[in-house]
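Residue numbers (full-length UniProt numbering), protein chains in the order written: chain A, 1 to 403; chain B, 1 to 403.
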């Protein structure tokens with residue numbers, strides 16, 4: 001029908017959704033056809049999933065209907081799962097159909113990475129998407145609901161074991177420190193019967209923050225009954241719990257969650273792409289090395305930070321900034337203009353510790369902690385909504401609860 | 001210290017709690033010491049448990065702190081479980097102590113009765129108290145939460161199988177007809193994937209109502225997607241579901257609930273009492289046959305209806321009316337006055353079919369159905385609160401949701 005180029009965006013996470021919205025603004029309908037492929041008809045705020053998993057927010061608050069933020073008359077929306085990318089044939093195989101493309105943007109997000117720890121995949125929950133996260137909160141509540149009604153219930157069935165003390169693990173135990181007392185009250189269980197245990201192999205929690213903030217976070221969590229075990233490597237996950245440390249101690253829990261690592265979507269490997277630590281190495285302009293028309297962004301992308309001589313850590317902030325560059329570079333490609341290289345503008349990092357505490361680095365090195373950090377975290381979360389869907393979305397899904 | 005008689009009331013259900021409150025009003029502190037023994041520090045509305053089990057009300061709405069409705073300065077409150085009644089020694093053995101009595105009121109309520117159906121006790125949930133009922137609602141929700149996240153999930157894990165089409169069974173499926181669409185929406189599951197199946201051996205549901213009302217109820221439930229299988233005897237309950245009918249069809253479900261029968265507390269048997277269908281046969285004045293000082297009321301009591309030549313069906317209404325007579329008879333015993341016989345004043349029966357439909361017989365034979373019956377059911381429920389705790393309790397726990 002037309003000769004206009006077809007841009008296919010895979011994934012409606014922070015990276016893919018932002019790219020799509022930028023493309024709609026940047027390109028006229030005559031310049032390109034845009035197709036957005038996503039497994040579900042909704043986007044979710046993946047940085048809020050720890051709250052869904054703890055049960056401190058409703059799963060629906062963390063998701064946004066794609067058709068509410070992308071005009072279906074401008075973008076063809078395909079709700080299907082990606083099976084394989086055949087880049088030599090410029091085709092994408094979906095579960096229920098196939099798509100050809102002229103330009104491809106791969107933003108397929110992350111999967112849990114258990115680094116091959118024995119039994120982890122089988123026995124631990126992972127925080128990957130809405131489905132997996134709300135199952136965790138329901139599983140936890142179910143342990144509480146069963147406890148008083150089961151003569152043989154063991155106390156450790158109430159325990160919640162979280163592997164990994166990175167961003168997700170620590171933010172999760174922070175939420176659990178709020179949630180567990182509520183569950184205890186609801187199900188007539190003494191708070192002292194429930195252990196929240198965080199296990200981390202590294203010598204510190206939250207390696208992206210400095211010692212002072214880390215010490216603050218650790219104390220805040222411990223004061224609220226979270227046990228933090230650092231320098232404790234997990235050698236195995238059994239149906240009962242983690243086997244930890246040199247003396248192979250078994251820490252038992254009714255709920256076991258692994259947050260210790262992520263990798264790029266498994267579609268990358270299935271498509272035969274060359275991978276660096278499970279991700280695709282990209283050039284400065286965010287194209288897959290050696291490819292003219294394939295961009296890879298977000299958690300699937302291995303982007304080198306030349307200044308720090310290491311890759312950028314995967315965050316929502318990074319993904320959305322990459323999306324801006326990819327949209328601009330797609331326009332440049334179509335118009336035969338030179339491409340620009342990605343430069344990250346770090347606006348800071350804030351970690352919540354439950355709903356009324358947190359730590360953060362903002363404005364290039366300014367440290368915050370306590371309630372002001374918790375407030376700032378909500379500002380950050382609402383800003384992500386603003387970028388994705390404008391003020392209407394902030395009003396609909398924003399975080400305005402009292403703190 | 002004193003020679004005043006000691007009245008011990010076992011159980012703070014409708015029967016025991018009402019007896020206690022009547023005694024406080026009827027007797028002066030000098031006339032008798034009153035002790036109320038209950039497993040928990042709360043009373044629960046056992047006629048609301050199907051709503052707790054379906055998850056359509058918060059468990060806390062269905063319970064009342066005993067100290068909120070009984071003055072602890074007038075009544076000694078003992079929160080403990082009854083192990084055995086030694087009536088020849090006028091003693092009650094509790095899990096953590098013992099009590100002697102001059103007069104005893106046994107109001108220990110009901111337990112599920114599976115009539116010996118193979119596997120039922122092991123594999124089906126029963127609606128017996130707050131703990132067991134909220135576990136059911138959590139179990140149901142957990143099946144929904146797991147479904148989309150489990151590659152191997154089978155559709156029948158979403159099914160809810162309810163054995164028994166008496167009051168509890170039918171009121172439960174009525175609530176489930178409201179709850180299931182909400183859960184489907186919350187967990188992104190197509191409503192058509194979920195079956196609510198009610199299985200009853202008798203040729204009709206709700207045997208206490210006439211054909212016209214039964215037909216109305218059946219149609220109302222079926223219109224909302226409840227499958228009702230009458231004349232379908234359950235020969236076995238397996239972990240997967242019910243084995244039903246002559247052809248031994250296995251109906252599979254992720255949630256299996258038995259509501260097909262109740263019997264009096266197992267303490268009665270453990271205490272060596274002579275039982276008729278699991279209950280204690282009482283005289284007209286509600287004393288255990290042959291006993292001077294032991295009253296048995298509520299679901300533990302087998303009370304003959306001479307007019308109808310059959311026992312009264314156990315209801316909250318019956319229990320509370322019995323309590324009035326027991327309190328009066330205790331006062332008469334203490335004062336050496338003649339005892340009076342119990343006469344039941346039937347105020348009618350209303351069954352809910354979810355929150356906006358129902359059927360009922362009120363004012364001796366006047367039939368109601370539809371929204372007016374649903375409204376009347378809430379009036380009945382609020383009246384029970386009024387009798388137990390006065391207007392304050394109605395305001396606190398009453399049912400005023402829109403319908």
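Ideal Cβ positions, reconstructed from N, Cα and C, are used throughout, including at glycine. If you're wondering where the values come from, they're calculated on a predicted model, not measured in any experiment.
8 Å Cβ cutoff, residue 322/B in contact with chain A: In the second chain, the residue the question calls residue 322/B occupies position 322. No, no contact with chain A.
Alpha helix (DSSP H) segment containing residue 382/B, residue limits: Numbered from 1 along the second chain, position 382 holds the residue referred to as residue 382/B. Residue 382/B -> alpha helix (DSSP H) spans 371 to 397.
Status (buried if at least 16 other CB within 10 Å, exposed otherwise) for residue 231/B: Numbered from its first residue, the second chain carries residue 231/B at position 231. The residue is exposed, with fewer than 16 neighbouring Cβ atoms inside 10 Å.
Rounded straight-line distance, which links the Cα of residue 313/B to that of residue 167/B: Here residue 167/B refers to the residue found at position 167 of the second chain. Here residue 313/B refers to the residue found at position 313 of the second chain. Taking the straight line joining both Cα atoms gives about 11 Å.
Same chain, Cβ closer than 7 Å to residue 289/A, five either side skipped, listed in chain order: Here residue 289/A corresponds to residue number 289 of the first chain, with the count starting at 1. Answer for residue 289/A: 281, 282 and 283, listed in chain order.
Cutoff 8 Å: residue 397/B Cβ touching any chain A Cβ: Taking the second chain and counting its residues from 1, one reaches residue 397/B at position 397. No, no contact with chain A.
Proximal residues to residue 1/A (C-beta, below 7 Å), its chain only, five neighbours per side dropped: Here residue 1/A refers to the residue found at position 1 of the first chain. A caution first: residue 1/A carries a pLDDT of 49, below 50, which makes its placement in the model unreliable, though a value can still be read off. Nothing meets the Cβ criterion.
Cβ pair residue 174/B, residue 354/B closer than 8 Å: The residue given as residue 174/B occupies position 174 in the second chain. The residue given as residue 354/B occupies position 354 in the second chain. Yes; because the gap between Cβ atoms is below 8 Å, this pair is in contact.
Residue from 319/B, 382/B and 244/B whose Cα sits closest to the Cα of residue 19/B: Along the second chain, read from residue 1 onward, the residue named residue 19/B stands at position 19. The shortest C-alpha separation from residue 19/B is found at 319/B.
Residue 326/A to residue 209/A span [Cα, whole Å]: By 1-based counting over the first chain, the position of residue 326/A is 326. By 1-based counting over the first chain, the position of residue 209/A is 209. If you take the alpha carbons of residue 326/A and residue 209/A, they lie about 29 Å apart.
Element boundaries [alpha helix (DSSP H), containing residue 7/B]: Stepping through the second chain from its first residue, residue 7/B is reached at position 7. Looking at the DSSP string, residue 7/B is not in any alpha helix (DSSP H); the run it does join, the beta strand (DSSP E), is 6 to 10.
Touching by the beta-carbon criterion (3+ pairs, under 8 Å), the segment 366 to 376 of chain A and the segment 65 to 79 of chain B: no
Three-pair Cβ contact test at 8 Å for the segment 149 to 169 of chain A versus the segment 85 to 93 of chain A: no
Contact set for residue 384/A: own chain, Cβ-Cβ below 8 Å, skip 5 residues either direction: The residue you call residue 384/A lines up with position 384 of the first chain. Only 14, 45, 47, 316 and 320 meet the Cβ criterion.
Cβ-Cβ separation, residue 36/A to residue 75/A (assumed contact under 8 Å), whole Å: Position 75 of the first chain holds residue 75/A. Position 36 of the first chain holds residue 36/A. Residue 75/A to residue 36/A, Cβ: 5 Å. Contact.
Per-residue burial, residue 323/B [other beta carbons within 10 Å of its own, 16 or more giving buried]: Within the second chain, numbered from 1, the residue matching residue 323/B stands at position 323. Result: buried.
Contact with chain B by residue 79/A, beta-carbon distance below 8 Å: On the first chain, residue 79/A is found 79 positions in, with the first residue counted as 1. With 8 Å as the cut-off, residue 79/A does not count as an interface residue toward chain B.
Cα-Cα separation between residue 400/B and residue 393/B, rounded to whole angstroms: Here residue 400/B refers to the residue found at position 400 of the second chain. Here residue 393/B refers to the residue found at position 393 of the second chain. Their backbone Cα atoms lie some 13 Å apart in a straight line.
Three-pair Cβ contact test at 8 Å for the segment 187 to 196 of chain A versus the segment 129 to 137 of chain A: no
Nearest-angstrom Cα separation, counted from residue 154/A out to residue 303/B: Here residue 303/B is taken as the residue at index 303 of the second chain, counted from 1. Here residue 154/A is taken as the residue at index 154 of the first chain, counted from 1. Approximately 41 Å, taken between the alpha carbons.
Enclosing beta strand (DSSP E) for residue 237/A [first to last residue]: In the first chain, residue 237/A corresponds to position 237, counting from 1. Where residue 237/A is concerned, the enclosing beta strand (DSSP E) stretches over 234 to 238.
8 Å Cβ cutoff, residue 212/B in contact with chain C: No chain C appears in this structure, whose protein chains are A and B.
Contact under 8 Å by Cβ, residue 482/B with residue 162/B: Only positions 1 to 403 of chain B appear in the structure, and residue 482/B is not among them; the question remains open.
Whole-angstrom distance between residue 16/B and residue 104/B, CA atom to CA atom: Walking along the second chain from the start, residue 104/B turns up at place 104. Walking along the second chain from the start, residue 16/B turns up at place 16. Each residue's alpha carbon lies about 11 Å from the other.
Collapsed DSSP secondary structure at residue 211/B in the structure displayed: Residue 211/B sits at position 211 when you count from the first residue of the second chain. In the structure shown, residue 211/B sits in a helix (DSSP, three-state: H, G or I).
Buried or exposed (CB count within 10 angstroms, at least 16 for buried), residue 366/A: Within the first chain, the letter at position 366 stands for residue 366/A. When all chains shown are included, residue 366/A counts as exposed.
Proximity of residue 226/A and residue 234/A at Cβ, strictly below 8 Å: Working through the first chain from its first residue, we reach residue 226/A at position 226. Working through the first chain from its first residue, we reach residue 234/A at position 234. No, they are not a contact pair.
DSSP-derived helix/strand/coil call for residue 189/A: The residue given as residue 189/A occupies position 189 in the first chain. Coil.
Nearest-angstrom Cα separation, counted from residue 239/A out to residue 268/A: Position 268 of the first chain, counted from the start, is the residue given in the question as residue 268/A. Position 239 of the first chain, counted from the start, is the residue given in the question as residue 239/A. Looking at the two C-alpha atoms, the distance is approximately 30 Å.
Buried/exposed call for residue 255/A, threshold 16 Cβ in 10 Å: Reading the first chain from its first residue, position 255 is the one you call residue 255/A. Label assigned to residue 255/A: buried.
Whole-angstrom distance between residue 214/A and residue 120/A, CA atom to CA atom: Here residue 120/A refers to the residue found at position 120 of the first chain. Here residue 214/A refers to the residue found at position 214 of the first chain. Cα to Cα, residue 120/A sits roughly 27 Å from residue 214/A.
Assigned secondary structure, residue 26/A (DSSP; H/G/I helix, E/B strand, else coil): Translated into positions along the first chain, residue 26/A becomes position 26. If DSSP states are grouped into helix, strand and coil, residue 26/A belongs with the helices.
Under 7 Å from the C-beta of residue 145/A: neighbouring residues of chain B: As a first step, residue 145/A must be located in the first chain, where it is residue number 145. Those are 134, 135 and 138, listed as they occur along chain B.
Proximity test, Cβ basis, 8 Å: residue 142/A and chain B: Along the first chain, one-based indexing puts residue 142/A at 142. Cβ-Cβ to chain B under 8 Å: yes for residue 142/A.
Completely contained beta strand (DSSP E) runs for the segment 250 to 338 of chain A, where each covers 3 or more residues: 255 to 258, 262 to 264 and 294 to 296
Interface residues of chain B facing residue 113/A [CB-CB closer than 7 Å]: Residue numbering aside, residue 113/A sits at position 113 when the first chain is read from its first letter. Those do not exist, as residue 113/A stays about 18 Å from chain B at its closest Cβ, beyond 7 Å.
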